[in-house]
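First comes the structure, then the notes that go with it.
Right under this line is the structure:
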């Protein structure tokens, strides 16, 4: 206790030694149930090492990021790249459908209107002119496109 | 990490128990401190675990101590006895703390009484005095290490320690010095 505010006298030191001895002994008198629960708490804490290890978490994050980046690249490529020559039947569309399902981040409405988007994509590639559409598709498209078709 | 925690868990439990005087709270505190250390600092070097664990433990003890005091205030407000290990009204948890412990052939009744008496006095100390005393006198930390664990200045540690020693000397003098002479 060299850096304590005062040097204890002999009486005080004897008291402090007795306190320390008693505290040491108290540590040895813990009952079996308490010791068992402490062991269980330790096991549970150490169990998080395997499930929440920072390195593992970083790997998971990087892995997730890589998958997301791949899917995003694939999606953008499918939207931007022109269809293969002579492909007017929309063969790339099932792949687009798969990507959309894999990402699983779109609203349910997107899937409900997917037929219309597929039709719009296949017709839009033939001509820049808007084609007449059936009333059901117009109704859905009007909702999906924010009413552009009503004003255009 | 396993051996480190195994080496500190019993003492950590005693520190938490002295602060809260409640077995369940003390176990929760130790578990919480272990979880925080493992989750946040398992990649640090083993030589850093000790100071980090002390700091985490003292922080969790302070939180647990505050929660315990608030709960007890509300219990008293509704006319219920303060929480403790004792389930029956009026039962002193300090008296029953070691009731289920198997003292073994070496540890006798006098020792249990001594521990109970010491626990009672330590528990009555203000938490900061209690922490300063236990970390300095029992854990053997330096003033600087104690200050880091408690999140306060070294001057505060010295003040808290000095007051704690004074109280202990006054309250335990008669009982302890007589029994140890």
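Residue numbers (the working numbering), protein chains in the order written: chain A, 1 to 152; chain B, 1 to 181. Yeah, the Cβ is synthetic: ideal placement off N, Cα and C, and Gly gets one too.
| Check | Outcome |
| --- | --- |
| Taking residue 57/B as the query, report the chain A residues whose CB atoms sit under 9 Å from its CB, ordered along the chain. | The contacting residues do not exist; residue 57/B stays about 13 Å from chain A at best. |
| Can you name the start and end residues of the alpha helix (DSSP H) that residue 133/B belongs to? | 127-133 |
| Identify which residue in 169/B, 31/B, 162/B has its Cα closest to the Cα of residue 164/A. | The structure shown does not extend to residue 164/A, since chain A is modelled only from 1 through 152, so no value can be given for it. |
| Can you list the residues of chain B that residue 62/A reaches, using a CB-CB cut of under 8 Å? | What residue 62/A touches in chain B: nothing, since even the nearest Cβ is about 17 Å away. |
| Exposed or buried, what is residue 67/A when buried is set at 16 or more other beta-carbons lying within 10 Å of its beta-carbon? | exposed |
| Who are the neighbours of residue 30/B on chain A, taking C-beta pairs under 7 Å? | 38, 41 |
| Taking the alpha-carbon positions, what's the residue 155/B to residue 145/B distance? | 12 Å |
| How many angstroms separate the CA atom of residue 6/B from the CA atom of residue 49/A? | 16 Å |
| Give the C-beta separation of residue 149/B and residue 135/B to the nearest angstrom, bearing in mind that I take them to be a contact with Cβ-Cβ under 8 Å. | 6 Å |
| Closer than 8 Å is the cut-off here; do at least three beta carbon pairs connect the region 10-18 of chain A with the region 3-17 of chain B? | no |
| DSSP three-state call for residue 71/A: helix, strand or coil? | helix |
| Quick one: what does DSSP say residue 72/B is sitting in, helix, strand or coil? | helix |
| Nearest to residue 53/B by CA position, among 120/B, 130/B, 124/B, 151/B, is which residue? | 151/B |
| I'd like to know whether the C-beta of residue 38/B is nearer than 7 Å to at least one C-beta of chain A. | yes |
| Where does residue 62/A land, buried or exposed, given buried means 16+ other C-beta within 10 angstroms? | exposed |
| Hey, how far is the Cα of residue 127/B from the Cα of residue 15/B? | 11 Å |
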